[in-house]
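Protein sequences appear in the order of chains A and B. For the first sequence, full-length UniProt numbering assigns the number 1 to the initial residue and increments by one for each residue that follows. For the second sequence, full-length UniProt numbering assigns the number 1 to the initial residue and increments by one for each residue that follows.
2 protein chains.
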Amino acid sequence: MLINELSKKTGLSIHTIRYYENLGMIKGLADEKVKSNNYKHYNNNTIERLEIIIEAREVGFTLAEIKKILTSWFETTESKPETLELFHAKIKEIDDKMRYFKQTKRLLEKVCEKIQNNE
Amino acid sequence: MLINELSKKTGLSIHTIRYYENLGMIKGLADEKVKSNNYKHYNNNTIERLEIIIEAREVGFTLAEIKKILTSWFETTESKPETLELFHAKIKEIDDKMRYFKQTKRLLEKVCEKIQNNE
DNA sequence: ACAAAGTATAAACTATGCTCTATGCTTTTA
DNA sequence: TAAAAGCATAGAGCATAGTTTATACTTTGT
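Structure (structure tokens):
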């Protein structure tokens, strides 16, 4: 599929997709049989990768961090202990953030109560 | 307390605290009895506010959004229905993000398993 | 009393993550 | 076949959230 279709399937703008491609997070390939243009083709793996990017950026990971996640998930053949530790650290980060989430949610709920009681 | 103490108690840099003060998220007051300087004094409410800021920014709320939360929590006297709706929407956002969190955590755990099995 | 440390204000600078514009080529469509 | 739409590349511009620098005044410690 070309970039337009990819954009529609993921909900990301064409600009954003190209931005991610420039960062090396995804990769499209030009059809070698077609010499007249340089149109890049993307496959379902690209969709998977973009969905992971969307998920992980919601969590607040930077694009650099997400790139590492993608590499470890899709490309890594060898297993470095420091990579493993990195991911354990990230999991811990998520757990920490979850706590902030619960606290903030509780605060917001209290704000709602306060607003309603003032009526 | 002065800004240095506030910085130590919250873990935020003096610069960041001033940045938040410029945005109107917190407010220090100069001692009127002292004419020789313009040193601002902060109280425990400021600490509370900064702790809320720290929590909420981890959740990914923008400083503008956090400012609204603070206003509704500490300053609002009247209760506007649209404010209430805003906060309900924010709570929903948090719930949505929690889902992303769980998915991303699961992905990271799988990455860890993958790395370990490759050994 | 004087150097060091603290405070205030303003402005410049930086990093991240886009978003938009310009240019030029290719493909599709009426 | 000419106009419109799509694709690629490069670079400029923008918003957010700080961080750093410069300047100047005040307070504190020795």
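Here a beta-carbon is modelled for each residue, glycine too, at the ideal position from N, C-alpha and C.
Quiz item: Who are the neighbours of B:A64 on chain A, taking C-beta pairs under 7 Å?
Solution: In chain order: nothing, as chain A lies at least about 16 Å away.
Practice problem: Label A:L86 either buried or exposed according to how many other C-beta atoms from any shown protein chain fall within 10 Å of its C-beta, with 16 as the threshold for buried. | Solution: buried
Quiz item: In the segment 82-93 of chain B, which residues sit with their C-beta less than 7 Å from some C-beta in chain A, listed in chain order?
Solution: T83, L84, F87, H88, K90, I91
Self-check item: Neighbour list for A:L107 in chain B, Cβ cutoff strictly below 9 Å
Solution: I52, E55, A56, I69, W73
Self-check item: Whole-angstrom C-beta distance between B:I14 and B:T46, which should lie under 8 Å
Solution: Going by Cβ atoms, the distance from B:T46 to B:I14 rounds to 13 Å, so no, they are not a contact pair.
Quiz item: By how many angstroms is the C-alpha of A:I66 removed from the C-alpha of A:G60?
Solution: 10 Å
Self-check item: Environment of A:A30 [buried if 16+ CB atoms lie within 10 Å]
Solution: exposed
Exercise. Could you tell me whether the Cβ atoms of A:K80 and B:I69 are closer together than 9 Å?
Key: no
Quiz item: Taking DSSP as the reference, what is the three-state secondary structure of A:L29?
Solution: strand
Self-check item: alpha helix (DSSP H) segments (min. 4 residues) lying fully within the segment 59-86 of chain A
Solution: 63-70
Quiz prompt | CB contact below 9 Å: A:M1 versus chain B | solution = no
Quiz item: Ordered along the chain, which non-local residues of its own chain (more than five positions away) have a Cβ less than 7 Å from that of A:L23?
Solution: L63, K67
Quiz prompt | Exposed unless 16 or more other CB atoms sit within 10 angstroms - verdict on B:V34 | solution = exposed
Quiz item: B:V111 touches chain A at which residues, Cβ-Cβ below 7 Å?
Solution: I69, S72, W73, F87
Practice problem: Whole angstroms is fine: what's the gap from B:Y20's alpha carbon to B:K8's? | Solution: 16 Å
Quiz item: How about B:E55 and A:L107: do their beta carbons lie closer than 9 Å?
Solution: yes
Practice problem: Output yes or no for whether 9 Å exceeds the beta carbon distance between A:C112 and B:L84. | Solution: yes
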